[in-house]
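Step one of this worksheet: look at the structure below.
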Amino acid sequence: MDIRKLKPYLVGLLLLVLSVRLANHHMLDRPKSNFSDTRSANGDVVVGSLRFSPCELGKNGERPLTEAVCTSITVPENYDRQAGRTIKLFVAMFPSRSLKPSHNPVFFLPGGPGQAASESFLALGDALPRLNEDRDIVLLDARGTGQSEPAQCPSAPQIAKGLTSGDVEVTASATALCRITLGQNSDLTRYGTEDVARDLWELQTQLKVEKSSLVAVSYGTRIAQRFVQEYPSNVEAVVLDSVLPEKAILGSEAEEILKAALDDRLHLCDSDSRCAASSSQASSYINRLFDRDHPVDLGTEAHTLGEMLAFRQLAMRAETAELIPVAAQASSSGDHTIIRASLKEEAHMLEGISWLSYLSTTCNESADAIGSEPDASRSWGIRRMLLAQCKGWPRSAARRDGATINDGTSSVPTLILAGQMDPLTPASYAHQVQEHLKQSHLVVLPLQAHNVIGRACAPSLATTFLNNPTTDSFDTSCVGSYAPPVALLGDN
């Protein structure tokens, strides 16, 4: 196979998939008449003690703007010091299309840590807005993310550059600048899971909503689990997509989980003789990429980490995951065209997250555990970078000792969605969480990856479940109709 002939097609395919993600934002555009029956003369909407005003979501110039109504709430930065500093949190809402909604509102909790609900929700395209026909959809930008206070870390672009280039010194230096700048006016230990869950409760209280439903993705599932533990009687139902168990250590198994997902993708070649004949070269390259003891023939460590992140970005969606075999084969021959395109997308994603939220969460909830692992001194790649970023970041003793984490036992009806080949939160995590849920359904979507609520028949499953969460008869047979992707290798 001449990879040079395939290069324009493959890179074009990757860019097409990424452009479709942005195009999906059009699906959320809502005519103004949708709000006419719930707005006052000036377009405001009053819910509980909060007054929402018309607003537009989305980054102007980057994606289509979407109509909503927005407001803000003010909460203590430190709930243990009610008289101390306060922060303002941004809240957006898509009011129900129905004049008299028959269902409780849905709170959407995005991934990260560090993603903003008001931005991440738009990327789901038309997956969740069907819920909007008979219920409100509420988006709270978690403290430190999106349009909530405090502001974004000023050195975010430098952090992203350091990570994607694999430069530990650049990453650590940019993180230190973030820590010093934001630490002048913020308590850097108060932007993790526990405080975000409390903020969500404050919002629900001000909305005067007795019960809500939660739809959470990736890291957002940890917030959802914490919220259910603290306020079980105030939650009607939960959808956990790409679930992260409360006791899982963020980043601890990152390389092993990614390697398993990549291996699974490469094994899809085994049933195709043309693909299988060439896949050994791709598999060998992936194996060397993750070999901590003998990575020297891949070049510098920075090169190795950069490729890890690039392959992880490819593995995040089933469409781009099709490129993994050919990308590995090409890279083994020195052609990194596909990897560079993927790494560019990874850098764009990293620049958009809140590093205050990410570091406050990971450094307080994971770094000490990773640092105490038997092979911590040999950590490199993803784990080494995390430890470098957390060096010097303020820690809270209450968050380090694990006292606030329990086994996650719950009776709240829960739907768990998982991708069979998730490179971040494997299906095994979903099985772990389900063990503690007394009323739950687990659906593993074949050949899907991360963030699957918008994939295959998952949108209809989520809608059906939330409309009737206590049903015992929940038909999930639709997941078996998904067609496997075509392996792009050999003579394809």
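Our numbering puts the sequence shown at residues 5 to 496. Note that CB positions come from ideal geometry on N, CA and C, so glycine has one too.
Beta-ladder partner(s) of residue i, from DSSP
i      : result
LYS92  : THR78
PRO398 : Answer is none; PRO398 lacks a bridge partner.
THR70  : LEU61
ILE343 : According to DSSP, which records beta bridges pairwise, ILE343 is partnered with nothing at all.
MET97  : VAL73 and VAL142
ARG55  : VAL50
SER414 : LEU441
Limits of the beta strand (DSSP E) - the one that residue i falls within
i      : result
VAL219 : 216-221
THR366 : Run containing THR366: none in the beta strand (DSSP E); it sits in the alpha helix (DSSP H), 359-369.
GLU240 : 239-245
SER444 : 444-449
ILE141 : 141-144
THR149 : Premise fails: THR149 is in no beta strand (DSSP E) and is neither H nor E.
Unbroken alpha helix (DSSP H) run spanning residue i, endpoints
i      : result
VAL437 : 431-438
ARG101 : Element bounds for ARG101: n/a, residue is neither H nor E.
GLY423 : Taken as a continuous stretch (DSSP letters only), GLY423 belongs to no alpha helix (DSSP H), being part of the beta strand (DSSP E) at 418-423.
LEU113 : Unbroken run through LEU113 is the beta strand (DSSP E), 110-113; no alpha helix (DSSP H).
VAL172 : 172-187
VAL213 : Counting along the chain, VAL213 falls outside any alpha helix (DSSP H), and DSSP gives it neither H nor E.
ALA131 : Element bounds for ALA131: n/a, residue is neither H nor E.
PRO329 : 328-336
For residue i, the nearest candidate out of the options (CA to CA)
i      : options                           : result
ALA345 : GLY338, VAL50 and GLN317          : GLN317
ASP191 : PRO154, GLU311 and ASP274         : PRO154
SER57  : LEU181, ALA96 and GLY88           : ALA96
CYS182 : LYS348, LEU441, SER364 and ASP84  : SER364
LEU218 : GLY148, ALA178 and THR418         : THR418
TRP359 : ALA264, PRO161, ILE342 and ALA201 : PRO161
ALA201 : PRO236, ALA351, SER464 and LYS212 : PRO236
ALA431 : ALA264, CYS157 and LEU441         : ALA264
SER152 : ASN189, PRO105 and SER76          : SER76
LEU327 : HIS352, ARG139 and CYS273         : CYS273
LEU451 : ASP268, THR366, GLY310 and SER464 : ASP268
LEU262 : PHE315, SER288 and HIS445         : PHE315
PRO427 : THR480, MET320, HIS440 and HIS271 : MET320
VAL174 : VAL447, GLN233, GLN436 and LEU390 : LEU390
LYS63  : PRO114, ALA127 and SER53          : ALA127
ASP203 : GLU439, SER53 and VAL79           : VAL79
Contact set for residue i: own chain, Cβ-Cβ below 7 Å, skip 5 residues either direction
i      : result
ALA252 : TYR433
GLN119 : THR149 and ILE357
ALA87  : none
GLN285 : GLN333 and SER336
LEU248 : SER222, TYR223, THR225, ARG226, THR429 and TYR433
THR467 : ARG134 and LEU135
ALA453 : ALA319, MET320, ARG321, ALA322, ALA325, GLY423, MET425, ASP426 and PRO427
GLN438 : ILE420, SER444 and LEU446
Cβ shell of residue i (< 6 Å), same chain only, five flanking positions each side left out
i      : result
GLY484 : none
GLU81  : ARG89, ILE91, ASP191 and ARG194
LYS215 : ASN108, ASN238 and GLU240
VAL24  : For VAL24, the predicted model reports a pLDDT of 45, less than 50, meaning its position is unreliable and no value from the coordinates is stated.
SER122 : LEU61, ALA96, LEU143, ASP145 and GLY150
PHE112 : ALA121, PHE125, LEU143 and VAL219
PRO473 : ALA241 and PRO417
LYS442 : SER415
CYS59  : ALA72 and CYS74
GLU355 : ALA160, PRO161 and ALA164
Alpha-carbon spacing of residue i relative to residue j, whole angstroms
i      : j      : result
PHE94  : GLN333 : 46 Å
SER370 : TYR362 : 11 Å
VAL300 : ALA220 : Because VAL300 carries a pLDDT of 36, less than 50, the predicted location of this residue cannot be relied on, and no value is offered for it.
THR324 : ASP339 : 18 Å
THR225 : GLY396 : 28 Å
ALA178 : GLN393 : 9 Å
GLN208 : ALA164 : 34 Å
SER166 : GLY187 : Looking at the sequence shown, residue 166 is not Ser but Gly. Cα to Cα, the separation comes out at about 21 Å.
SER256 : ILE374 : 6 Å
LEU211 : TYR223 : 24 Å
PHE39  : GLY47  : Confidence at PHE39 is low in this model, with a pLDDT of 34, below 50, so the placement of that residue should be treated as unreliable; the coordinate-derived value is given next. Cα-Cα distance, rounded: 8 Å.
LEU293 : MET353 : 23 Å
ASP84  : TRP205 : 15 Å
ARG387 : VAL213 : 41 Å
ALA258 : ALA176 : 19 Å
Sequence-distant residues of its chain with Cβ nearer than 8 Å to residue i (five each side left out)
i      : result
LEU449 : LEU421, ALA422, GLY423, GLN424, VAL456, ARG459, ALA460, ALA462, VAL483 and TYR486
ALA407 : With a pLDDT of 43 at ALA407, under the threshold of 50, the modelled position of this residue cannot be trusted; read the value that follows with caution. Within the same chain, ALA407 has no close Cβ partners at all.
SER37  : Annotation note: pLDDT 32 at SER37 (below 50); position unreliable, no value reported.
ASP140 : VAL51, MET97, PHE98, PRO99, SER100, PRO105, PRO109 and VAL110
HIS445 : THR418, LEU419, ILE420, PHE469, PHE478 and THR480
ASP476 : none
ARG55  : ASP48, VAL49 and THR75
VAL447 : LEU419, ILE420, LEU421, ALA422, ALA462, LEU465, THR480 and VAL483
Contact test: residue i Cβ vs the ligand ATP heavy atom, cutoff 7 Å
i      : result
ALA180 : Absence of the ligand ATP is noted for the structure shown, with no ligands found whatsoever.
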